[in-house]
Amino acid sequence: MPDLPTPQDAAEAALFSECWDAVLSYADLCTSGASAGTELAAEAFTHGIHAARAADFGARSTGRRIPRLPWIPLLLAAVRSTAASWEETGHGNHLDPDLRLWLNSDKAARYVGPPLRRPLALRALRDMQEPDAALLWLADVESLPLPVVARRLGLDPHSAAEELAQVRGLFRDRCQRNLLDTPMASDCRAFARLLDAVSRSHGAEIPDDLSRHLAICVECAEAAACLRLYGGASGLPSALAGGVIGWGGLAYLERRRRAAEAGLLGGRGEAGIDTGLTVGESRPRIGRTAILVAAVIVSALALTVSLMPFDGSGNDVSAKGGTTDGRPVVDPGGLPSGVTVPAGATPSTSTDPSTPDTSTTPSDKPDPEPQGTSTATASGAAPKPSPSKSDSEEISCEAEYDLVNEWPDGFQATISVTTAKAIDGWSIAWSFRNGQQVGQMWDASFAQDGARVTATAADYNRTVAADGTVSFGFLASWQGTNAPAFDFTLNGTRCTT
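Residue numbers (numbering that gives the first Met the number 0): 0 to 496.
This is the structure:
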């Protein structure tokens with residue numbers, strides 16, 4: 000594992016602290032285990048920093064601006080390219096199987112092929128001035144609150160919203176310019192100007208011929224997303240994450256959104272977290288005034304402590320390890336020397352921290368049958384913490400299906416199930432009406448048999464308190480019609496929807 004680069008000054012040390020959390024989060028998505036995620040993150044971080052420094056040195060030497068991505072998307076792209084290097088050199092067994100398939104497909108080739116063939120969002124973001132591109136990425140992909148973004152970029156907090164709106168418009172114009180520069184087939188060229196006109200007109204209906212074309216042309220569908228044809232500015236984060244990162248972009252976007260909602264993002268400056276990155280013999284000082292910094296640190300630490308789940312005995316459950324997307328969260332102890340992961344680097348859904356865990360393990364050996372696969376039968380026996388054949392029928396539940404985002408051949412959705420009784424281990428199943436196929440899931444593992452999909456608990460969210468809710472998300476494909484899921488069951492018992 001390469002040594003992480005040493006920050007050259009206090010500003011670069013703060014920058015490294017802010018970027019490491021994002022790199023580690025995406026690297027964990029790309030790998031099949033915690034240690035592999037840490038190694039991939041460290042290697043990509045090192046390569047990305049050295050490449051950015053070389054580009055900046057070249058720009059200063061020649062006096063000409065060399066277009067490049069802002070720091071965080073640049074380092075995330077380095078994770079993708081490092082993963083491709085692992086696959087080429089025979090280390091692909093440490094990568095996620097779906098990522099390996101993607102790396103060997105034409106989709107991955109677009110990111111390293113001719114510049115005019117690369118994804119539109121990637122080209123447009125690189126063409127923008129770096130401060131503008133950083134504002135767009137931090138606000139729309141990292142999901143940071145605008146006051147935090149303004150403080151990080153040195154902007155006036157009162158005008159940050161106006162500047163963000165202007166930058167979004169600038170991004171759209173860059174996308175339109177790059178779209179017209181792209182070598183296109185004759186039918187795509189004919190639809191390009193129509194696409195621009197429709198996306199500029201608020202409330203305009205999509206012509207049927209354009210709609211049919213977008214359903215079969217991937218590149219034009221990407222252009223439509225970048226031009227905000229679908230859902231206004233709300234579709235912009237998906238277009239950015241998918242176009243710049245590539246594989247796993249939407250899953251990464253969901254992780255960052257959930258982490259921001261929980262108050263677990265922000266890096267050193269906002270969360271008061273020491274990453275251990277050093278500058279020579281001393282660490283950089285944070286803040287503008289002692290009083291302001293102390294208030295920010297105390298508030299952030301209080302929020303972090305309040306969000307930590309406890310197991311009822313006073314022990315911090317998060318210290319025992321967890322998983323994200325069915326894999327263990329990176330163990331801070333496995334980091335390279337000199338670096339510690341900021342708290343909440345890869346957040347995950349868990350049980351309500353305010354409700355003590357009242358479950359007990361029925362035996363030292365796990366149930367040989369997967370949860371939810373046994374046929375449940377009614378029984379008058381007293382409820383047990385772990386659902387069994389006798390008591391799973393008694394569990395009442397309510398399921399909620401939320402379509403988060405949709406594009407011509409795919410969609411993102413979340414499922415939340417509330418159970419009336421405490422359970423230890425869950426299996427949630429549902430059916431699709433139109434042949435939808437799940438491709439990726441986080442906060443649960445899944446199996447699909449025809450129209451029936453079954454999601455099973457991860458290690459860290461298998462216990463659900465009475466009246467508690469478990470949530471997980473997934474990406475899936477669809478064709479023709481995308482009707483909502485139905486016939487939800489929890490451990491074999493039907494749920495109300």
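The beta carbon of each residue, even a glycine, is placed where N, CA and C say it ideally should be.
Three-state secondary structure (DSSP) at W70? Translated into positions along the sequence shown, residue 70 becomes position 71. Looking at W70 - three-state DSSP - the assignment turns out to be helix.
Below 8 Å on the Cβ atoms is my guess for E218 versus G242; work out the distance and round it to an integer in Å. For the purposes of this step, residue 218 is taken as residue 219 along the sequence shown, with counting starting at 1. For the purposes of this step, residue 242 is taken as residue 243 along the sequence shown, with counting starting at 1. Contact between E218 and G242 is absent: CB atoms are separated by about 11 Å, not below the 8 Å threshold.
If you check the beta carbons only, do P145 and A159 fall under 8 Å apart? Residue mapping note: residue 145 aligns to position 146 of the sequence shown, counting from 1. Residue mapping note: residue 159 aligns to position 160 of the sequence shown, counting from 1. Reading off the sequence, residue 145 comes out as Leu, not Pro. Going by C-beta atoms, L145 is nearer than 8 Å to A159.
Along the chain, where does the beta strand (DSSP E) containing A412 start, and where does it finish? Here residue 412 refers to the residue found at position 413 of the sequence shown. G409 to T418 is the extent of the beta strand (DSSP E) around A412.
Distance between Q175 and A223 (C-alpha atoms, nearest Å): Position 224 of the sequence shown, counted from the start, is the residue given in the question as residue 223. Position 176 of the sequence shown, counted from the start, is the residue given in the question as residue 175. Rounded to whole angstroms, A223 to Q175 spans 10 Å at the Cα level.
Cross-strand partners of V166 (DSSP beta bridge): Counting from 1 along the sequence shown, the entry for residue 166 is found at position 167. According to DSSP, V166 bridges with nothing at all.
Tell whether a beta-carbon distance below 8 Å holds between L28 and G247. Translated into the one-based positions of the sequence shown, residue 28 becomes position 29. Translated into the one-based positions of the sequence shown, residue 247 becomes position 248. Their beta carbons are under 8 Å apart, which means L28 touches G247 by this criterion.
Close beta carbons around L209, own chain, < 8 Å, minus the five adjacent residues each side: Along the sequence shown, one-based indexing puts residue 209 at 210. Excluding sequence neighbours, L209 sits near F190, L193, L194 and V197.
Please determine if the region 81 to 101 and the region 35 to 49 are in contact, where contact requires at least 3 C-beta pairs separated by less than 8 Å. yes
Given 8 Å, three or more beta-carbon pairs between the region 107 to 118 and the region 162 to 171: Result no; under three Cβ-Cβ pairs closer than 8 Å.
Following the continuous alpha helix (DSSP H) through L474, name the residue where it begins and the one where it ends. In the sequence shown, counting from the first residue as 1, residue 474 sits at position 475. That residue, L474, is in no alpha helix (DSSP H); its beta strand (DSSP E) goes T468 to S476.
Measuring alpha carbon to alpha carbon, tell me which residue in A138, L402, T492 and A26 is nearest A164. Here residue 164 refers to the residue found at position 165 when the sequence shown is read from its first residue. Closest by alpha carbon: A138.
With a CB to CB cut of under 8 Å and the five nearest residues on each side skipped, what residues in its chain are close to V437? Counting from 1 along the sequence shown, the entry for residue 437 is found at position 438. Only F445, Q447, V452, F473, L474 and A475 meet the Cβ criterion.
In terms of residues, what are the limits of the beta strand (DSSP E) holding G438? For the purposes of this step, residue 438 is taken as the residue at position 439 of the sequence shown. It spans Q436 to W441 - the beta strand (DSSP E) in which G438 sits, taken as one unbroken run.
Would you decide whether Q439 is buried or exposed? Buried here means 16 or more other CB atoms lie within 10 Å of its CB. Within the sequence shown, residue 439 is the residue found at index 440, counting from 1. So Q439 counts as buried.
Just how far apart, CA to CA, sit T488 and W429? Mapped onto the sequence shown, residue 488 falls at position 489. Mapped onto the sequence shown, residue 429 falls at position 430. Between T488 and W429, the C-alpha separation is close to 7 Å.
Nearest CA to the CA of G449: which residue from L134, F431 and L239? Residue mapping note: residue 449 aligns to position 450 of the sequence shown, counting from 1. Taking only the C-alpha atoms, the option nearest G449 is F431.
What does DSSP give as the partner residue(s) for T462 in the beta ladder? Here residue 462 refers to the residue found at position 463 of the sequence shown. BP columns for T462 point to D423.
What residue range does the alpha helix (DSSP H) around F190 cover? As a working note, residue 190 is residue 191 in the sequence shown. Run containing F190: S185 to R199, per the alpha helix (DSSP H) assignment.
Sequence-distant residues of its chain with Cβ nearer than 7 Å to D179 (five each side left out): The residue you call residue 179 lines up with position 180 of the sequence shown. In the sequence as presented, Asp is not what sits at residue 179; that position holds Leu. A191.
Any non-hydrogen atom of the ligand NAP closer than 7 Å to R493 Cβ: Of the ligands one can find in the structure shown there are none, so the ligand NAP has no counterpart to examine.
Would a C-beta distance cut-off of 8 Å place A43 and L73 closer than the cut-off? Here residue 43 is taken as the residue at index 44 of the sequence shown, counted from 1. Here residue 73 is taken as the residue at index 74 of the sequence shown, counted from 1. In this structure, L73 does not lie closer than 8 Å to A43 by Cβ.
Just confirm the distance between the C-beta atoms of R255 and S426, as a whole number of angstroms; I'd bet it's less than 8 Å. Reading the sequence shown from its first residue, position 256 is the one you call residue 255. Reading the sequence shown from its first residue, position 427 is the one you call residue 426. With a Cβ gap of about 28 Å, R255 and S426 do not count as contacting.
So is N460 buried or exposed if we call it buried at 16+ other beta carbons inside 10 Å? In the sequence shown, residue 460 corresponds to position 461, counting from 1. Buried is the call here.
Those residues which DSSP pairs with C396 across a bridge: Numbered from 1 along the sequence shown, position 397 holds the residue referred to as residue 396. In DSSP, C396 forms a bridge with T418.
Where does N433 fall in DSSP's three states? Walking along the sequence shown from the start, residue 433 turns up at place 434. Residue state, collapsed to three classes: coil.
Can you give me the Cβ contacts of E405 inside the same chain, cut-off strictly under 7 Å, excluding the 5 residues immediately before and after it? To locate residue 405, count along the sequence shown from 1; it is residue 406. N481.
Return the chain-ordered list of same chain residues with a C-beta closer than 7 Å to the C-beta of V140, the five sequence neighbours on each side being excluded. As a working note, residue 140 is residue 141 in the sequence shown. Contacts found: P236, L239, A240, L252 and R255.
DSSP state of L94, grouped into three classes? On the sequence shown, position 95 is the one that residue 94 refers to. L94 falls in the strand class under three-state DSSP.
Contact set for V463: own chain, Cβ-Cβ below 6 Å, skip 5 residues either direction: Along the sequence shown, one-based indexing puts residue 463 at 464. These residues qualify, in order along the chain: T350, T418, I422 and V469.
Exposure of S185, with buried meaning 16 or more beta-carbon neighbours within 10 Å: Here residue 185 corresponds to residue number 186 of the sequence shown, with the count starting at 1. Under this definition S185 is an exposed residue.
Spatial distance of S16 from R188 (CA atoms): Within the sequence shown, the letter at position 17 stands for residue 16. Within the sequence shown, the letter at position 189 stands for residue 188. Using only the alpha carbons, I get a separation of about 44 Å.
On a Cα-Cα basis, can you pick out the residue from A465, L154 and L23 that is closest to K420? Within the sequence shown, the letter at position 421 stands for residue 420. For K420, the nearest C-alpha among the options comes from A465.
Apart from the five residues just before and just after L98, which ones in its own chain have a Cβ nearer than 6 Å to its Cβ? Here the question's residue 98 lines up with position 99 in the sequence shown. Once the five neighbours on either side are set aside, the close Cβ partners of L98 are C29 and W246.
Got a sec, what are the start and stop residues for the beta strand (DSSP E) A454 sits in? Taking the first residue of the sequence shown as 1, we reach residue 454 at position 455. Element bounds for A454: R451 to A456.
Using CA atoms only, rank isn't needed, just tell me which of L226, W477 and I48 is closest to N433. Looking up residue 433 in the sequence shown gives position 434. Cα-wise, what sits closest to N433 is W477.
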